[in-house]
Structure formats: structure tokens, C-alpha cells
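K.L.:
Protein chains: 2
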Amino acid sequence: MSTYAEMDKAALEQEYAKVKEQYEGYKALNLKLNMARGKPSSMQLDVSGDILTVLSKNEDCYDAEGTDVRNYGGLDGIPECKKLFADLLGVKPSEIFIGGSSSLTIMYDVIAKAYTNGLKDSEKPWAKLDKVKFLCPAPGYDRHFRITESFGAELITIPMLDDGPDMDMIEDLVKDPTVKGIWCVPKYSNPDGITYSDKVVDRFANLKPAAKDFIIMWDNAYCVHEFKGEFVPFRNILEECAKAGRPDMVFEFCSTSKITFPGAGVSAMAASEANIEYMKKLLAVQMISEDKVNQLRHVRFFKDRDGLLAHMKKHAAILGPKFDVVLDYLDAEIKPLEIATWKKPTGGYFISLDTNDFCAKRTLELAKEAGVTMTNAGATYPYGKDPRDRNIRIAPSYPPMDELKKAVEVFGVCLKLAALEKYLEK
Amino acid sequence: MSTYAEMDKAALEQEYAKVKEQYEGYKALNLKLNMARGKPSSMQLDVSGDILTVLSKNEDCYDAEGTDVRNYGGLDGIPECKKLFADLLGVKPSEIFIGGSSSLTIMYDVIAKAYTNGLKDSEKPWAKLDKVKFLCPAPGYDRHFRITESFGAELITIPMLDDGPDMDMIEDLVKDPTVKGIWCVPKYSNPDGITYSDKVVDRFANLKPAAKDFIIMWDNAYCVHEFKGEFVPFRNILEECAKAGRPDMVFEFCSTSKITFPGAGVSAMAASEANIEYMKKLLAVQMISEDKVNQLRHVRFFKDRDGLLAHMKKHAAILGPKFDVVLDYLDAEIKPLEIATWKKPTGGYFISLDTNDFCAKRTLELAKEAGVTMTNAGATYPYGKDPRDRNIRIAPSYPPMDELKKAVEVFGVCLKLAALEKYLEK
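Chains W and X, in that order, are what the protein sequence lines are.
Take 206 as the starting number for the first sequence in the numbering used here and just add one per residue.
Take 206 as the starting number for the second sequence in the numbering used here and just add one per residue.
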């Protein structure tokens, strides 16, 4: 089999006619398939079903200290829930703040407070500054970028390398005092599925930013989300930053959104005790306490870190085969054509694929017309603008297996068609 | 029995000796009683126990439209939950946004967005303005005042009259374009327990503020919280504002915090469709969706508005007698002395008592020393400063009946002692 690049015009035209026919065939099926967002499937949700009744009587609703979790109070969470997340992240319970059902909301809160009140080490609220720049390793998570964008920060794209973001560039950029922070997904990054190397984590901890209130937004969303193989330990960024003399430079985040129920889980923030104290004062203005009943539900359901890791195996058993379907298809059908490259993650929720330059938008447009919804092209870049229009985020988790297989086939045909259109200048 | 004002010095000294002895007697008991915050008692929480298992299987977790409430999505809430709150407030489901477990947080969000992004009709974000003033009817709710204070607004105290805030003053103040809004608790106000008269609601709806983006923060926290008698209907402020030609001037709030579980209920915001659309765009940056499992739990538990109103009768049966204990004691022991006045609410969570001038702080200091914790003096005023140091907020809901009886006796003795100290200039 030749690659498309090697084909002459006649061969390309022939291939185009064939692929076009396949495409029209799929279109005629009036499919309605979705690989847009990293949503767990209902099979995955079902594995957490018992959490619904783990607290079933009024008498169940008391935490380890005898506090009635049904009532007001306990801004930072119940002790056993703090311990669970502390064990998960390898930090101290005193370094944990338990949030509501979404870690995105606590991330937003940290940035929002930076703007309206200033962080612990800010000279003034960021809203009072003429310029705030924020570093965005890309491809990355669109919702991260949008948070800082919504406050008017200037987003600076940092290329993602194989072991994490381009640290040379970051070390250089943080010399600028208007550079106030960076978004990171250190394990199974969204969408690349890359885990930052120890060396990269080290360089993060040893950053010497000009801005005293520079923050690393360390979104450890996929910290236990292996879908292949055993749990892979990760470094404690809080400890590394402390060792390097800047304990307050990092905020870490995680949640049970992709462990129990995405809409109804528990989130957590980890930070130095000084940062937690500071943030608690600000957060106390907006709430009395988060949902402690749900916190206790989660602790009773998992029991402890080991229980949670065992639970993740159930997700892996469902997720792993779905990733295989996509990767096997790409290897068999696309690789020989040399019209795209992709990463092969062993955890997380995405496959990140790069088309030939300037083919991503067209590929997804074709997919949409054939009834396959995927994340918008460009979404993985700041301002939604992928400079070479080539990154596509594939989310295989949500569709049932049969739909996924069909969706990947359609997507593959769209990839081919978009590439062919480019070669043939159609 | 003479009032203290009528007593001569010798009589006052005699009374002082007697009351002081009673006080020392209570102190010796090493009590630990709490009438500080409006927390439901565990007896009240128990009446909602069945909500824990109303969703008990995976199959239960689908809403009226067949959406899996366990998964991501549905920023503004599930349809049946919007309908429940719409029925409660007399508005349309399209005018409802369902929040997380705390209405305080949505209120904070509205003010925060005003500062960081501007409201729908703002010329610029409030953070960019030199001056923002906010009206605070007082005595009022300390957490309201603190939200606007935390953003640097200047708080202006509006006296509370018997039928609501002083509308003459408000109508005058809103001519100032830097006056951007007002906090209101229209039914069973915190702490006075006053329900705004129709005339007052009308005048609110017909305000003509100079600021185009002036907002009425209408916290209908106690909209169904009668503890005596039948449910009292209230006017639909959204409709009244619309009739008066300013449909976007009001945001209304409520929650099930004091209906099911204070830490784990569901909150709601009601506003014009245009306001809801605008706020949804901003809120989409910070969250994908709130806890829809808990939303569905609440709908299944109450079934509908009638079910919710019937449920409130169970709270009333527990709360009513507690208010009687306090009010009966005050009538019997304090009223004849003419050292305090108070309101007699039929709903809500508080009794608001005014001591003689400059006696509130001392009364609560004495109570604290005798082991009775109450809301800090001044808390019901902006900046925590009660100009005449006389307002005390009594929260009878939380302690069990026997503790409440004891707490009220101690409080009464402290009231007397503080008044006597003043008369005797001790």
C-alpha cells in the first residue's frame, strides 16, 4: 500500500472516488454518534451504583468526629474525605480543601480570587493590573484556557513535547513579571495522554518566576485513571515546590468525576497550608460548606485509597477495549497512508491525533455531516485557534462499543477524504 | 412589678444583687448551649431521611427527558427540578437556574460576575468603576453584607420598618448612579421575621434607579417557612418588575437548605429569561453542570409543590414550639421590665430583639461567659457595626427543647444584668 504522498494524481483520484463512495454510504445511514467529550459511558456509571445507598439512614450521616454531615458547617470538608484525597495525592490532610461536585469550579475560584482579591502573595488583585499573561501548554484542555480568557488574561501557547510542556520556553517566559501562571495536566494530559517526566516536574518545582504570585495550576484530573496496566505513582508537586523553596507556587486539583458520577462527585484542591488558610478566608464569603453528605457517601463507598484504586480497575476493564478499538483501527487503516500521527496513551480519556497541516477542521466538518460529533477543531488551543489546524481530540469513552466502532470507521474515512481533498486541491 | 426605668437606685441595687446571684448560679453550671446560627435541629433533619434512598438503583437515575443525571451536562438543571422551583416561586421554568447546595454561592456568583464581567446591562465591569455603593436593609443577614463588602463596595444601611425597608430612603438613594443594588429578604426577613407588604414590593418593582444595571438581590430564603399557620402566598417579584418595565432588575434566590439538608440541598435562582441566558454564558466557564443526582433526589422526594408544602408542616411542628418557648419567656420575664423590644414572627428562623441602647454587646458577652453562644452583636449590620449596639439575633431552632429552655433563661438573666449595669453605671 502506498502512502498518499507517494501516489500520483491518477491514483489519488481513484482513491478519492473510492473513499468518497464509502463516505456517502455512511452519510446515507443517518448516523448519530458522539465522540465529543470525555464522558464516562453508562456502563462505567453503573459500577458506582452502590454509592447511591451507602448512606441509607439518618444514623449513617455522622462523620468520624461525630459531626452530622446533613447540617451546615465544615467549609473545608469532613476529616475522612480530606484524608482520602490526601492519601490519593500523597499530601497531608491539612493541605486539602474539599470542593463541590466539580474541580473546574475550584480552579475557576482560584483564578477568580486572584483577579478580585489577589492571591496570598499578590501585591494587588490581578483586575488592577494592566496586563496578565497566562501560559497554556497546547494541545490542552479548552475549559482551562477559557477560564483565564474569561478574565481577560493574554494566553500564551506553550508547545507540548513528549515528556511535558516545553520547559525551556517556560523558564524563559516566567522572567516576565506579567506572566502570572500556567495550566498543567501532569498525568495523562488532556488530550495528549502524556505524563510529565520527573525531570519536567522538577523543573516546574524549581521555576523562579519574576511574579511573586505566579501559580502553577496542576490539574491532576487523571491521577488514578490508568486504563492499561497497574497504577503508576506520580510525584508530589507540593513537596517538590516546598523543597525548592516556593511552597505556595502550586495549586493541585482532582475529583471523582470520572471515578463515580461526573455530575455528582466530589472535588479537591491541594495546596500549602498557608494557601489553604488564605483561600478558606475568601471562600467563606461564598459558602458555608459543600455537600458533606456526598463526601461521606464517597468515603464509605471507597473505604480508602486501595478501595478507590481497585474501583478504577473496573473502569479500566470497560475503557481499555474502547481505546484499543480506536488505536487498532488507526494503526491498520490510517498509519500506512501517513496522513496523521497520534499518541498511544495508557490512561486518561483521550487520543490526540494530528492530521496533515490544515486538515483538522475539514475532517471534522465531514464527520459532522456524516453524523459523528467530535470536539471542535482548534478547541485544544488557546482562543480555539490551532495554528496549523491539525489537532483532533478523540474521546472514545462514551459511545457503546458497537457505536464506537462505527464512529471510528466514519472518522477514518473523513480523515482520508480531507487529506485527499488537500492533495487534489479540491 | 416596676420597670427598671421606674426603680430608684436602692431598688435597682437590690434587683442587681438578685440577678447577679442568678447569673453566677448559671455560670457555675458550666453550660455549653448554642443559639448562634439558623441551623435546623437533627429532629428536623430526620424528617427528610427518606431522601437518602429515594434514588437507590442505577435505573432510578434518569430524568423526565430520559437524561442520565449521573453524567455531565445540563448546566441549568434538570427539567423537573426547574419546574418544582418555578411552581414554588410562581415563575416560569425558563426563568429558573438550578444551583449547587448553597444559594449563597449563586448570590456570590451574581455579584462576582458583576465585578469581573459586568451584568447584562452594565457599561463596564464594576471592578473598573471608581465607586460602587450597595444598599443593606438592617438589621439584615451578615453573609449578604459580607459578599458585597468582599468586593470593596460601600455598604449603606437602610433602616427596616414594620413592613419592609425604608422605601422613601431607597427611592431617593437610587438616583445616585453609583448605587448598584440592594439586598432583600422579602418574607420572614433575617432577622426581623418581617414580610414586606404588597405596597413595599410594588415600590421595589417600580424603582427607577439611575444605574441601568442596578439589581435587587431578592433572597426568598424563607418563602415557604411558616412555623405557625398556613402557607402565606407571596408576590412574584419577577412579574412585578416586568410589569413596571424593568424585567431584568431582579434576581431571586431560594434553596432547600432549611427544607431537607442544609449542607446538601439544592438551590435555585430566578430571573428574566434574558438574565438567565446571560448568566448561563458566564457560569458555563466555571462548571459543566451542578449535582443533578441530588436535584432528581429532591424532586422524587417532594413530588411537587404540594408535597413540599406538606413537608414544611413537619418542620413547623418542631420549630413552632421552640419559638413559643422564647417568646413566652420574653413576654413573661422581660416585657414587664421594659428593657427590650422584639418582633413576633410566624415564620423564618429568627427572633430579632432590641435591647436598651448600648446593651447588646454586653448582654452577649455575659451570655458567652455563662456558656451560651449567640450571634455576635452587630452582625446584623453592615461592617458588623450596630450604631446603637442594641440588636440581638436569637436562633431557637438548633438546640433541643430542654437546652433551649435553659439557654433562654440564661439569656434573659444576661439581658437584665446588662440593663442594670447601665442604669447603675457599673
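Glycine included, every Cβ here is placed at the ideal spot set by N, Cα and C.
For chain X, check one thing: does any of its Cβ atoms lie closer than 8 Å to the Cβ of residue 579 of chain W?
P.N.:
Not closer than 8 Å to any Cβ of chain X, the Cβ of residue 579 of chain W fails to qualify, so no.
K.L.:
Which of helix, strand or coil does DSSP assign to residue 399 of chain W?
P.N.:
Coil, per DSSP.
K.L.:
What number of angstroms, rounded off, separates the C-alpha of residue 398 of chain X from the C-alpha of residue 391 of chain X?
P.N.:
Computed Cα separation, rounded: 9 Å.
K.L.:
Would you list the residues sitting across from residue 279 of chain W in a DSSP beta bridge?
P.N.:
In the DSSP output, where bridge partners are listed per residue, residue 279 of chain W has none listed.
K.L.:
DSSP on residue 393 of chain W, reduced to helix/strand/coil?
P.N.:
Correct three-state label for residue 393 of chain W: coil.
K.L.:
When the cut-off is 8 Å and only beta carbons count, does residue 360 of chain X lie next to chain C?
P.N.:
Here chain C cannot be found, since the structure's protein chains are W and X.
K.L.:
How about residue 425 of chain X and residue 294 of chain X: do their beta carbons lie closer than 8 Å?
P.N.:
Taking 8 Å as the Cβ cut-off, residue 425 of chain X and residue 294 of chain X qualify as a contacting pair.
K.L.:
Using a Cβ cut-off of 7 Å, which residues of the segment 381 to 394 of chain W contact any Cβ in chain X, in chain order?
P.N.:
So nothing in the stretch comes that close.
K.L.:
Measure the alpha-carbon distance for residue 572 of chain X versus residue 578 of chain X and round it to whole angstroms.
P.N.:
Answer to the nearest angstrom: the Cα atoms are 7 Å apart.
K.L.:
On the criterion of 16 or more Cβ atoms from any shown chain inside 10 Å, does residue 605 of chain W qualify as buried, or is it exposed?
P.N.:
The residue is exposed, with fewer than 16 neighbouring Cβ atoms inside 10 Å.
K.L.:
So which residues on chain W does residue 494 of chain X lean against when the C-beta distance must stay under 7 Å?
P.N.:
By Cβ distance, chain W contributes 468.
K.L.:
Could you run through the segment 544 to 563 of chain W and flag, in chain order, every residue whose CB is less than 9 Å away from some CB of chain X?
P.N.:
Listed by position, the residues of the segment 544 to 563 of chain W near chain X (Cβ gap below 9 Å) amount to none.
K.L.:
Within the chosen definition, does the segment 303 to 311 of chain X reach the segment 483 to 494 of chain W through at least 3 CB pairs nearer than 8 Å?
P.N.:
Cβ pair count under 8 Å is three or more, so yes.
K.L.:
Assuming residue 597 of chain X contacts residue 569 of chain X (C-beta within less than 8 Å), just tell me the rounded distance between them.
P.N.:
With 8 Å as the limit, residue 597 of chain X and residue 569 of chain X qualify as a contact, their Cβ atoms being about 7 Å apart.
K.L.:
If you follow the alpha helix (DSSP H) that residue 567 of chain X is part of, which residue opens it and which one closes it?
P.N.:
Its alpha helix (DSSP H) spans residues 565 to 574.
K.L.:
Give me the Cα-Cα distance between residue 534 of chain X and residue 541 of chain X, rounded to the nearest whole angstrom.
P.N.:
Using only the alpha carbons, I get a separation of about 11 Å.
K.L.:
Just by C-beta distance, which residues in the segment 433 to 444 of chain X are closer than 7 Å to chain W?
P.N.:
Hits within the stretch: zero.
K.L.:
So is residue 425 of chain W in contact with chain X if we call contact Cβ pairs under 8 Å?
P.N.:
So no, residue 425 of chain W is outside the interface.
K.L.:
Does any heavy atom of the ligand FAD sit closer than 7 Å to the C-beta of residue 268 of chain W?
P.N.:
The model depicted lacks the ligand FAD and carries no ligand whatsoever.
K.L.:
What three-state label does DSSP hand residue 340 of chain X in the structure shown?
P.N.:
Residue state, collapsed to three classes: strand.
K.L.:
Please tell me whether residue 615 of chain W and residue 236 of chain W are closer than 8 Å, where the distance is taken between their beta carbons.
P.N.:
It is a contact, given that the beta carbons lie within the stated cut-off.
K.L.:
For residue 553 of chain X, write down the residues that DSSP places opposite it in a beta bridge.
P.N.:
In DSSP, residue 553 of chain X forms no bridge with anything.
K.L.:
Is there contact here, the segment 229 to 246 of chain X with the segment 243 to 256 of chain W, by at least three beta-carbon pairs under 8 Å?
P.N.:
Verdict: no, contact absent.
K.L.:
Note down, in chain order, all residues in the segment 266 to 282 of chain X with a beta-carbon under 9 Å from any beta-carbon belonging to chain W.
P.N.:
The segment 266 to 282 of chain X vs chain W, Cβ under 9 Å: 266, 273, 274, 275, 276, 277, 278 and 279.
K.L.:
What residue ranges within the segment 450 to 499 of chain W form continuous alpha helix (DSSP H) runs of no fewer than 4 residues, ordered along the chain?
P.N.:
With a minimum length of 4 residues, the continuous alpha helix (DSSP H) runs that stay inside the segment 450 to 499 of chain W are 478 to 488.
K.L.:
Which residues bound the alpha helix (DSSP H) around residue 316 of chain X?
P.N.:
Where residue 316 of chain X is concerned, the enclosing alpha helix (DSSP H) stretches over 308 to 321.
K.L.:
Would you check if the distance between the CB atom of residue 418 of chain X and the CB atom of residue 327 of chain X is smaller than 8 Å?
P.N.:
For residue 418 of chain X and residue 327 of chain X, yes; Cβs fall inside 8 Å.
K.L.:
In this structure, how does DSSP classify residue 380 of chain W when only helix, strand and coil are distinguished?
P.N.:
It is coil, neither helix nor strand.
K.L.:
Report the three-state DSSP secondary structure of residue 374 of chain X (helix, strand or coil).
P.N.:
In this structure, residue 374 of chain X counts as helix in the three-state DSSP scheme.
K.L.:
Determine whether the Cβ of residue 511 of chain W lies closer than 8 Å to any Cβ atom of chain X.
P.N.:
It does not: the Cβ of residue 511 of chain W has no partner Cβ on chain X nearer than 8 Å.
K.L.:
What residues in its chain sit with their C-beta under 6 Å from that of residue 594 of chain W, if we drop five residues either side in the sequence?
P.N.:
563, 565 and 566, listed in sequence order.
K.L.:
Compile a chain-ordered list of the residues in the segment 212 to 238 of chain X whose CB is closer than 8 Å to at least one CB of chain W.
P.N.:
Within the segment 212 to 238 of chain X, no residue qualifies.
K.L.:
Taking only beta-carbon atoms, is residue 451 of chain W less than 8 Å away from chain X?
P.N.:
No, its Cβ sits nowhere closer than 8 Å to a Cβ of chain X.
K.L.:
At 8 Å on the CB atoms, spell out the chain X contacts of residue 315 of chain W, in chain order.
P.N.:
Chain X residues near residue 315 of chain W: none, gap ~11 Å exceeds 8 Å.
K.L.:
Which residues in the same chain as residue 380 of chain W place their Cβ atom closer than 6 Å to its Cβ, once the five residues preceding and following it in sequence are excluded?
P.N.:
Within the same chain, residue 380 of chain W has close Cβ partners 415.
K.L.:
Counting only runs that start and end within the segment 225 to 270 of chain X, where is the beta strand (DSSP E) found for 3 or more residues in a row?
P.N.:
Listed in chain order, they are 238 to 240.
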